[in-house]
Amino acid sequence: MSTSQSPTSTPGSQSSDPTQVTEISTHLKRRITQLEEENEKLRSRRKRGPSECETTLARGIRKIVSLHVPIKVLIDEFDRRETAESDAENGEEGATASSPFDTEQALKREHDRNFESFQRLQGLFTRSYLQKVLEQEGFLERLKAWERPADEARGDDIKRLKVEVANWLNTLDKDDLQVLSEYEDYSFVTPHTRLGRGFQNITTGRLLCPIDYDWNDL
Numbered sequence: 513m514s515t516s517q518s519p520t521s522t523p524g525s526q527s528s529d530p531t532q533v534t535e536i537s538t539h540l541k542r543r544i545t546q547l548e549e550e551n552e553k554l555r556s557r558r559k560r561g562p563s564e565c566e567t568t569l570a571r572g573i574r575k576i577v578s579l580h581v582p583i584k585v586l587i588d589e590f591d592r593r594e595t596a597e598s599d600a601e602n603g604e605e606g607a608t609a610s611s612p613f614d615t616e617q618a619l620k621r622e623h624d625r626n627f628e629s630f631q632r633l634q635g636l637f638t639r640s641y642l643q644k645v646l647e648q649e650g651f652l653e654r655l656k657a658w659e660r661p662a663d664e665a666r667g668d669d670i671k672r673l674k675v676e677v678a679n680w681l682n683t684l685d686k687d688d689l690q691v692l693s694e695y696e697d698y699s700f701v702t703p704h705t706r707l708g709r710g711f712q713n714i715t716t717g718r719l720l721c722p723i724d725y726d727w728n729d730l
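Going by our numbering, the first residue of the sequence shown is number 513, and it counts up by one from there.
Dropping the structure here:
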């Protein structure tokens with residue numbers, strides 16, 4: 513005599529509760545959104561501008577590396593020399609400019625200055641760190657980000673220098689400067705304004721006047 517077994521319910525045979533399915537779906541969507549936001553934050557952190565340490569170092573670029581030349585020009589000079597050395601090793605001759613000797617000499621001096629500035633840039637950021645930055649995607653934006661604090665620091669230095677030079681001239685005994693010692697009139701230089709400076713000022717005008725000219729005859 514066979515006994516009838518009541519069908520055992522299995523997890524797979526149970527019908528899913530629509531409410532529970534909706535809750536799980538909502539939870540998963542919320543989790544996906546959260547992960548996407550975290551991923552975006554990580555991406556933006558990688559693309560973020562220079563760190564505080566980089567910004568501090570970059571403020572020294574105009575003092576130590578180059579006063580006006582863009583960083584990209586220094587990088588291009590380094591790449592140019594690397595290519596030239598590679599061509600020389602492979603027995604290839606680089607293109608020679610058919611320009612006058614003086615122009616070639618001036619161009620060579622410019623290349624040498626830019627390469628020396630590049631070496632100083634390596635010393636400022638260290639060679640390994642600079643190489644790591646140059647190998648990253650979007651490194652040009654990184655270099656531009658370095659130039660902003662560098663130019664700001666140069667502007668701050670010029671602003672301070674204007675004040676210091678004015679204060680120095682105002683406290684200076686005119687007998688200490690031969691160009692001023694023979695004149696009785698002495699014009700005060702205002703430290704915090706551009707008015708009354710340069711050739712508009714008797715004191716600074718005489719100091720700036722080329723030696724080929726007489727200030728009193730101008």
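We put the CB at the ideal spot given by N, CA and C, even for glycine.
Remember, it's a predicted structure, so these values are computed and weren't measured experimentally.
Is DSSP giving residue i helix, strand or coil here?
i	result
L720	helix
F590	helix
Q631	helix
A609	Confidence at A609 is low in this model, with a pLDDT of 49, below 50, so the placement of that residue should be treated as unreliable; the coordinate-derived value is given next. A609 falls in the coil class under three-state DSSP.
P530	helix
F700	coil
T615	helix
Y725	coil
N602	coil
H539	helix
L579	coil
L547	helix
Q648	coil
Within 10 angstroms of the Cβ of residue i, are there 16 or more other Cβ atoms? Answer buried if so, exposed if not.
i	result
E653	exposed
P661	buried
L681	buried
T705	exposed
L642	buried
T715	buried
L569	buried
F750	Outside the shown range of the chain, which is 513 to 730, sits residue 750, and nothing can be said about it.
N602	exposed
S598	exposed
N713	buried
S578	buried
R718	buried
My understanding is that residue i touches residue j, with C-beta atoms under 8 angstroms, so please give their C-beta distance in whole angstroms.
i	j	result
L655	G572	Actually they do not touch by this definition, with Cβ atoms about 15 angstroms apart.
W658	E564	With a Cβ gap of about 13 angstroms, W658 and E564 do not count as contacting.
What residue from the options has the CA that sits closest to residue i's CA?
i	options	result
I576	R542, R632 and E548	R632
R574	E597, D614, D663 and V645	D663
I678	G708, R666 and W658	The sequence given here places Ala at residue 678; Ile does not occur at that position. Nearest C-alpha to A678: G708.
P582	R621, N728, D724 and F630	F630
P733	D724, F711, C721 and K674	Residue 733 lies beyond the stretch modelled for the chain, which goes from 513 to 730, so this question has no answer here.
D591	L646, T534, C721 and D529	L646
Could you check if residue i belongs to the surroundings of the ligand NAD, using beta carbon to heavy atom distance under 6 angstroms?
i	result
L673	Within the structure as shown, the ligand NAD is missing, as the structure has no ligands at all.
message = Between the segment 584-599 and the segment 625-642, can you find at least three pairs of beta-carbon atoms closer than 8 angstroms?
response = yes
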